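To start, the structure itself, in structure tokens.
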Amino acid sequence: MDIRSLGYLRIGTTDLAAWRRYTLDLLGMVEGVGSTDTTLHVRVDDRIRRFSFVATDADRLLAAGFELPNARALAEAAEELEAHGFPVKHADDATLAERRVQGLIHVDDPAGNPLELYWGQAQDHTPLGTPYGNRFVTGDHLGLGHVVLPAPDMDSAVAFYEHLLGFQLRDRMKLPPAAVPTGEPGRDFYWMNFLSPNARHHSLGLYPGALPPGIVHFMVETDSLDAVGYCLDRMNAAGVPIASTLGRHSNDHMVSFYAQAPGGFQVEYGWDGLLVDPASWTTKEITADSLWGHQWNG
Ligand SMILES: [Fe+2]
71 MDIRSLGYLR IGTTDLAAWR RYTLDLLGMV EGVGSTDTTL HVRVDDRIRR
121 FSFVATDADR LLAAGFELPN ARALAEAAEE LEAHGFPVKH ADDATLAERR
171 VQGLIHVDDP AGNPLELYWG QAQDHTPLGT PYGNRFVTGD HLGLGHVVLP
221 APDMDSAVAF YEHLLGFQLR DRMKLPPAAV PTGEPGRDFY WMNFLSPNAR
271 HHSLGLYPGA LPPGIVHFMV ETDSLDAVGY CLDRMNAAGV PIASTLGRHS
321 NDHMVSFYAQ APGGFQVEYG WDGLLVDPAS WTTKEITADS LWGHQWNG
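So the sequence shown is numbered by the numbering used here: it starts at 71 and just counts up by one.
In structure tokens, the structure reads:
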């Protein structure tokens, strides 16, 4: 299946105003066209929107959007999913217009995470005037960053993304039972898995537990260490709880910190992520999640 990248995230929220402040004033993102009283679209690059926050009655992931190159690739993906027992729903015209894409199918992964596979997203050619001069590392080949989704039935989820969607399993890490409070008793450890369809080390993390918001964290990457530091200062000045101190991850080499976000999950803000050569990559086990730093609070 020719999936190229994580293209967008749609997130339901009980506090749209909080996400507005968080994305625009703290993360240094830009409001996208078409926002309304109940929906905030957010730009981080030349795409018309990479995030949409929708006022709902619960804080939860509404969809992770994955990008395909064209209509034929999407048609083939729909056929393949159906053939493997994953029912797809073709988007109606209103959904296509709302997403600003030209073709889209809805499908749930084996964990029930809602996915949208699409092609032909609109661009916004207005220069991206980020408020702090920060620039995000994205593009057709890298997508918006990464997202970590819950996958209590890990084996089915990995098989879905690796063998059906065509992602490459980059590495995995054992988590102790204490890190998976919703896990079944008696297990010695659980696997967490990191995958990507492109050169970004991981576009998707799969966490082996259940979490109500349906999202563990999402990561956006900036092009400088200073951009990360300035954002950390803004978070501290605003009194946002810092979930993890600055550190460098062992797998994607991202220098990042994690802040609590309005929806009861976290946002990772990073720099210097590893790009891999899929042709030469071999899957590995990491035995610590960071080379240094990343002290978790609470
Ligand atoms: Fe991450």
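The beta-carbon is built from N, C-alpha and C at its ideal position, and this holds for glycine as well. Model, not experiment: these values are computed from the prediction.
Sheet register partners of residue i (DSSP bridge)
i: glutamine 172; result: Note: glutamine 172 sits in no beta bridge, so no partner.
i: aspartate 241; result: Phe264 and Lys354
i: tyrosine 277; result: Pro220
i: phenylalanine 136; result: Leu76 and Leu187
i: serine 360; result: His319
i: valine 325; result: Arg318 and Trp341
i: valine 103; result: BP columns for valine 103 are empty, so no partner.
i: glycine 82; result: Val124 and Arg130
i: valine 177; result: Leu185
i: glutamine 193; result: Arg117
i: phenylalanine 206; result: Thr292
i: glutamine 330; result: Gln336
Element boundaries [beta strand (DSSP E), containing residue i]
i: tryptophan 341; result: 336-341
i: leucine 345; result: Run containing leucine 345: none; DSSP gives neither H nor E here.
i: tyrosine 231; result: First-last for tyrosine 231: undefined, no H or E at that position.
i: valine 112; result: 109-113
i: alanine 125; result: 121-125
i: glutamate 291; result: 287-292
Rounded separation between residue i and residue j - CA only
i: proline 283; j: glutamine 336; result: 11 angstroms
i: aspartate 127; j: alanine 349; result: 44 angstroms
i: asparagine 306; j: glycine 333; result: 18 angstroms
i: leucine 274; j: methionine 324; result: 14 angstroms
i: histidine 216; j: valine 290; result: 7 angstroms
i: leucine 185; j: alanine 148; result: 12 angstroms
i: aspartate 258; j: alanine 249; result: 11 angstroms
i: leucine 212; j: phenylalanine 237; result: 13 angstroms
i: leucine 151; j: alanine 87; result: 37 angstroms
i: tryptophan 366; j: threonine 315; result: 7 angstroms
i: isoleucine 73; j: proline 139; result: 7 angstroms
i: leucine 345; j: leucine 174; result: 28 angstroms
i: threonine 352; j: arginine 240; result: 7 angstroms
i: aspartate 107; j: glutamate 101; result: 13 angstroms
Start-to-end residues for the alpha helix (DSSP H) that takes in residue i
i: glutamate 150; result: 141-153
i: alanine 88; result: 86-90
i: methionine 305; result: 295-308
Cβ of residue i within 8 angstroms of any chain B Cβ
i: proline 251; result: Considering every chain present, this structure includes no chain B. It has just one protein chain.
Margin query: Strictly closer than 5 angstroms from CB to any heavy atom of ligand 1: give me those residues in the order they appear in the chain.
Written below: Met289 and Glu338
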